[in-house]
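Data first, discussion second: the structure below is written as structure tokens.
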Amino acid sequence: MTIPLTWYLILSGSLFTIGAVGVLVRRNALVILMSIELMLNAVNLAFVTFSRQHESMDGQIFVFFIMTVAAAEAAVGLAIVVALFKNKSTINVDDINIMKW
Amino acid sequence: MPNVFGESFLDLIGFVLLLPLAGAVVNGLCGKRLNTSVVGYIGCATIGLAFLISVLVFIDLLRLSPEHRLFEKEFFTWIGSGTFTAIAGLQVDPLSTVMILVVTGVGFLIHVYSIGYMHGDEGYYRYFTYLNLFTFSMLLLVLANNFLLMFIGWEGVGLCSYLLIGYWFEKKSASSAGKKAFIVNRVGDFGFILAILLIFVTFNTVDFTEVFHSTPEHLTTGSVVATAITLLLFLGATGKSAQIPLYTWLPDAMEGPTPVSALIHAATMVTAGVYMVVRCNVLFVMSPFSLTVVAVIGGATALFAATIGLVQNDIKRVLAYSTVSQIGYMFLACGVGGFITAVFHLMTHAFFKALLFLGSGSVIHALGGEQDMRKMGGLRKKLPTTYKTFLIGTLAIAGIPPFAGFFSKDEILLEAYTKGNLIFWGLGAFAALLTAFYMFRLLFMTFHGKSRMDKDVEAHVHESPRNMLIPLIVLALLSAVGGFLGLPAASAINSFLAPVVGGGGHIGGVDGGQAHHVSQNLMFSMMGLSTGIAVVGIALAYLMYIKKPELPTQIAGMFKLIYKILLNKYYVDEIYDATIVNPTIKSSFFLWRWIDVKVIDGFVNGVARLVELNSEALRLFQTGFVRNYALSMLFGGIVIIICALFLL
């Protein structure tokens with residue numbers, strides 16, 4: 001029995017929504033980073049699903065790129081969080097509005 | 001004409017110009033590091049050499065036959081544009097030769113005098129730089145072979161005049177006097193420029209020789225163009241030569257060092273206007289109306305300035321008004337067609353007025369800077385040489401024979417009578433009476449009577465050093481004998497200058513100045529009359545300032561109003577202030593405070609303010625919270641997806 005395409009997409013959409021909502025509502029920078037990972041992986045799932053559906057490797061190649069970017073992003077993001085914590089002793093994003101002049 | 005150099009001295013004319021310029025450059029660039037005496041030597045030597053060359057040029061010119069006495073040395077094409085060309089070159093003819101002899105000769109004496117007078121001044125090198133630069137510009141003015149080049153010299157002397165009047169610029173009155181001279185002259189220069197443009201439009205050239213030779217073809221006597229050109233030229237002359245209505249700068253110009261007043265504001269620069277009118281006599285003859293204007297303005301100025309001179313107490317200011325008045329005589333002569341007489345008076349005036357100014361400088365020097373004649377008196381014994389030379393100068397200007405001023409002034413009066421009318425003669429004669437009076441008033445107040453000096457000033461009174469006295473003596477000699485050049489019987493200057501006046505073709509019945517048809521009787525009776533007038537003036541001054549010193553105060557009391565008007569120089573400065581200067585300043589303030597600050601700045605600042613206000617509103621979107629940005633990204637993404645799904 002094959003699992004229908006829709007199910008994969010529903011799962012992917014749900015994961016993406018959970019990630020997006022997490023980014024928007026959580027205040028802990030680490031959790032936000034994790035939520036971003038969740039969104040990226042939801043997209044990966046969608047890519048793989050379509051790749052299988054269309055029997056083409058393009059989608060899977062994309063997934064590799066996204067994973068690379070995600071790793072880089074996580075590294076940079078964590079470095080920023082560490083630097084922020086050193087300076088401000090907090091990783092609560094509501095306390096961090098130094099981007100505003 | 002060959003000489004020891006194998007060529008004519010006339011070819012050396014360029015050096016007459018170059019030497020003073022070189023002196024100015026050397027002194028200007030390295031004067032600060034040079035020894036002061038070296039600076040003085042450079043200044044004097046360059047002018048002295050220029051004078052020697054001028055003499056050689058003069059001799060060479062004399063060896064040519066009168067009708068060939070025109071030598072042009074062209075250097076390069078200055079402007080070549082379409083049909084318009086201006087060739088930079090020098091023109092040596094009798095008129096310019098007389099001028100360069102006067103400029104370099106009197107200039108040299110004044111340079112020598114300056115060494116003593118300016119001794120110890122900290123701007124010594126600056127002074128000599130300006131003085132040399134002035135001489136260069138003045139020579140350029142008189143030697144130029146076209147109107148444009150002449151204009152360069154014209155502006156150059158104006159600049160140097162400004163620099164030298166404001167030489168002691170740390171003094172407010174001196175710097176504003178310099179500015180006044182410069183700005184008032186601008187008005188005249190404006191007329192001169194317009195005249196040059198009009199000449200170019202009419203003649204299609206600005207070269208003197210070409211313009212004057214083709215005058216009969218391009219202008220008809222009494223035409224509007226001729227009148228316009230000459231009146232505009234004369235406007236330029238009134239500025240530079242301090243005539244009504246633009247004379248107000250000259251008395252203020254006395255703020256400069258006294259030798260400067262002697263050189264620039266008495267002997268040379270202020271006569272540039274006379275030179276220009278004489279140079280353009282061919283044009284002026286084409287417009288009888290302009291000539292009348294010239295004569296009226298000249299005669300009026302001669303009388304007007306003389307009346308002001310009657311009551312002034314500053315020794316240099318009396319001389320300044322006397323200069324204005326004497327130049328008025330020259331224009332009067334020009335106006336009635338006596339161009340040569342004007343040049344003759346220009347020359348004698350250069351001698352005796354330079355002498356008088358240098359003499360007054362010697363007095364001021366002796367009194368440690370005092371210029372008020374009420375604080376002088378009795379200096380005859382203490383400054384014997386200055387007194388003697390000054391007396392000669394005063395006799396010369398008053399018109400006592402056989403001194404220089406007598407011959408030239410008498411000739412002007414004669415011309416005014418024979419070629420003009422009784423009114424012109426009356427103006428001149430009355431001014432001559434006043435001249436004799438105020439000059440002897442000056443002499444008596446300064447050198448005769450009891451001393452009215454402050455005690456500490458009196459203790460330091462001393463005769464000036466030799467290098468100041470020698471120029472005085474030389475000028476006194478020239479003032480004494482200079483008039484014989486124009487002896488009515490055998491006038492050397494008349495025959496020398498005759499080719500210049502009347503130009504190429506002999507025009508309009510104006511002959512070379514001397515009225516040949518004047519009978520001997522008339523001439524001698526005129527001479528007697530003008531001598532009589534001078535003697536009356538002197539006697540009046542003697543009566544009022546030696547015999548009965550209380551008389552002037554009584555007279556001043558009797559004619560209070562007139563005295564006050566004269567003392568305040570007819571309130572002309574005040575009138576100019578009220579009608580021209582203050583409105584200009586006020587409207588400038590208006591332009592500054594309203595147009596510039598409010599309108600122009602307001603517009604620029606308003607634009608910036610508008611952008612700022614908009615930004616104030618827009619910056620509310622920039623909360624600085626990452627989540628808000630993420631939310632807007634999400635919305636943006638959703639909008640893009642919706643668009644992609646439903647619109648494509």
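Protein chains in written order, with the working numbering: chain A, 1 to 101; chain B, 1 to 648.
Glycine included, every Cβ here is placed at the ideal spot set by N, Cα and C.
Query	Result
What are the boundary residues of the alpha helix (DSSP H) that Q91(B) is part of?	Premise fails: Q91(B) lies in the beta strand (DSSP E), F84 to V92, not in any alpha helix (DSSP H).
Quick check: is the beta carbon of G636(B) nearer than 8 Å to any beta carbon in chain A?	no
Of all Cβ atoms in chain A, is any one closer than 8 Å to the Cβ of V626(B)?	yes
Check the Cβ-Cβ distances between L620(B) and every residue of chain A, and say whether any is below 8 Å.	no
Along the chain, where does the alpha helix (DSSP H) that runs through F352(B) open and close?	F339 to A366
Which of the three DSSP states, helix, strand or coil, is assigned to S56(A)?	coil
Hey, quick one: how far does the alpha helix (DSSP H) through I165(B) stretch, first residue to last?	F147 to I165
Measure the Cβ-Cβ separation of I340(B) and I100(B) and say whether it is below 8 Å.	no
Please compile the residues from chain A whose C-beta is within a distance smaller than 8 Å of the C-beta of L649(B).	Only positions 1 to 648 of chain B appear in the structure, and residue 649(B) is not among them; the question remains open.
Name, please, each residue of chain B whose Cβ falls closer than 8 Å to the Cβ of I18(A).	Those do not exist, as I18(A) stays about 13 Å from chain B at its closest Cβ, beyond 8 Å.
Listing by chain order, which chain A residues have their CB less than 8 Å from the CB of T659(B)?	Since the first residue shown for chain B is 1 and the last is 648, residue 659(B) is missing from the structure and cannot be characterised.
Along the region 575-602 of chain B, where does the CB come closer than 9 Å to a CB of chain C? Name the residues.	Protein chains in the displayed structure are A and B, and chain C is not among them.
For V510(B), name the three-state secondary structure that DSSP assigns.	Here V510(B) scores only 40 on pLDDT, less than 50, and its place in the model should not be relied on; the value that follows carries that caveat. Three-state result, V510(B): coil.
When DSSP labels each residue in this structure, what does P615(B) get in the three-state scheme?	The question names Pro, but residue 615(B) in the sequence shown is Ser. Note: S615(B) maps to helix in three-state DSSP.
Taking the runs of the alpha helix (DSSP H) that are 4 residues or longer, which of them lie wholly in the region 518-595 of chain B?	520-542, 551-558, 560-567, 572-576 and 582-590
Taking C-beta pairs closer than 7 Å, name the residues in chain B that V31(A) reaches, listed in chain order.	Those do not exist, as V31(A) stays about 12 Å from chain B at its closest Cβ, beyond 7 Å.
Can you check whether the C-beta of N97(A) is within less than 8 Å of a C-beta belonging to chain B?	yes
Does K73(B) come out as helix, strand or coil in the three-state DSSP assignment?	strand
Is there a Cβ of chain B sitting closer than 8 Å to that of V81(A), yes or no?	no
Is there contact here, the region 59-68 of chain B with the region 176-188 of chain B, by at least three beta-carbon pairs under 8 Å?	no
Any idea what DSSP makes of G426(B), helix, strand or coil?	helix
Kindly indicate which three-state DSSP category G624(B) falls into: helix, strand or coil?	coil
Give the DSSP-derived three-state secondary structure of I91(A) in the structure shown.	coil
Measure the Cβ-Cβ separation of G420(B) and V336(B) and say whether it is below 8 Å.	yes
What does I79(B) pair with, by DSSP beta-bridge criteria?	A86(B)
Over the uninterrupted alpha helix (DSSP H) stretch that includes P259(B), give me the two end residues.	T258 to A262
Quick one, which residues of the region 63-74 of chain A are near chain B if we go by CB-CB under 7 Å, in chain order?	none
Determine, using beta carbons only, whether V48(A) comes closer than 8 Å to chain B.	no
For E458(B) and S464(B), which I take to be in contact (beta-carbon distance under 8 Å), what is that distance rounded to the nearest angstrom?	Not quite, the Cβ-Cβ distance comes to about 16 Å (not below 8 Å), so this is no contact.
Nearest CA to the CA of I470(B): which residue from P94(B), I110(B) and S81(B)?	I110(B)
Can you tell which of I196(B), E122(B) and A242(B) has the C-alpha that lies nearest to the C-alpha of A228(B)?	I196(B)
Below 8 Å between beta carbons: does that hold for V282(B) and F212(B)?	yes
Could you tell me the alpha carbon to alpha carbon distance between E255(B) and A177(B), rounded to whole angstroms?	7 Å
Considering just the uninterrupted stretch of the alpha helix (DSSP H) at R466(B), what are its terminal residues?	R466 to V481
What is the C-beta distance between Y125(B) and K32(B), in whole angstroms, given that I count them as a contact (C-beta under 8 Å)?	6 Å
Taking the C-alpha atoms as reference points, what is the distance between L84(A) and V63(A)?	30 Å
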